[in-house]
Structure formats: C-alpha cells, structure tokens
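These notes concern the structure reproduced below.
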Amino acid sequence: MVHKLSLTHPDEYLPSKYTKEEFRTGIMALQSKMKDDINVKTPETHPELNPIKHTFCKNQYIRELYISAGELLVTKIHKIEHPFFLLKGEMSILSEQGETVISAPYYGVTPVGTKRVIYSHTDCTFVTVHPSDKKDLDKLEDELIAKNYKELEEV
C-alpha cells in the first residue's frame, strides 16, 4: 500500500493504524533502505557520529549514546526488557506501542521485541541499562539483541 503524506491529517499514517506485522515489515524495509543508500551514514559505517560510552558494573551493562540533532535512527530488536533514560534533548519515537515525543529528563521501559525509529529534534544523550554480567560487546549483543523478529520468537 502506498500512502501520500498529508500534513493536514498526519494521524492517518501513524503506526497505531497498522497491524504489528505491517509495522514490523515497514520498519525493517526502512532500515534496509537506509543501509542500502550510499548517502546515509549509519553507526556501523560512521561510529564517530554516535559515540557510545560503555560502563560495566555488577550484573549490569550501561550504554550511553550521543545522538546529534536532526538524526533519524532505527534501533535494534531488544530481547530483554530494560529501562532507558533521556538525559539531554528531545526526540520523537515511533514503535509498535505508538508514537511519542519525549524531552529530558525522561525515563521509560523498553519492552521485549521493541524496535524503534527515533528522530532527534536536538542533541540528545540516551542511556540504557541492561541486566548482564558480560563485558564483551559481541557477547552482550548476542544476549540482548535479536538479529530479526524470527529469532525473537524463538527466545
């Protein structure tokens, strides 16, 4: 289905109007399109754009991410429920749960299976806290992140 953007009725295009499957298909298509576009800079190709501070304490992994104003990000699929904190800035978040604009200071909970589209209106500092005793980033990613929605269903 192709939609034409209407600025007078933007609510016609909100994820709440789509099924879970339609939203998941759409967000994966957006991510794929962004990765395939040579003009789009991703954290994988340009890690300097979004510096990450990793902190480890007993049974916890803390991840602090800097996001510049005007960035559009697609997050990974989360396997484990965890808290997040917006310490600085304002952003719009689009997910299966709906859409919201948040401003620092703010905290929330990321449910299992969450994958988001984030647009940063200002420079932002975003922190997540994960239950884990691992300190190896590759092992942490395997433990906390699903490669796709099918893997999530197998957990």
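Residue numbers for the sequence shown follow the numbering used here, beginning at 1090 and rising by one. Using N, Cα and C, we set each Cβ at its ideal position, and we do this for glycine too. Every value quoted in this text rests on a predicted model; they were computed, and no experiment measured them.
Rounded straight-line distance, which links the Cα of Lys1124 to that of Thr1131:
7 Å
Within 10 Å of its beta-carbon, does Asp1227 have 16 or more other beta-carbons around it, so buried, or fewer, so exposed?
exposed
Roughly how many whole angstroms lie between the Cα atoms of Val1218 and Asn1148?
10 Å
Using alpha carbons as the reference points, say which of Ile1207, Lys1122, Pro1200 and Thr1214 lies closest to Leu1233.
Pro1200
Is Thr1203 closer than 9 Å to Lys1177 when the C-beta atoms are compared?
no
Secondary structure at Ser1121, three-state DSSP: helix, strand or coil?
helix
In the DSSP output, what is Ser1157 paired with across the bridge?
According to DSSP, which records beta bridges pairwise, Ser1157 is partnered with nothing at all.
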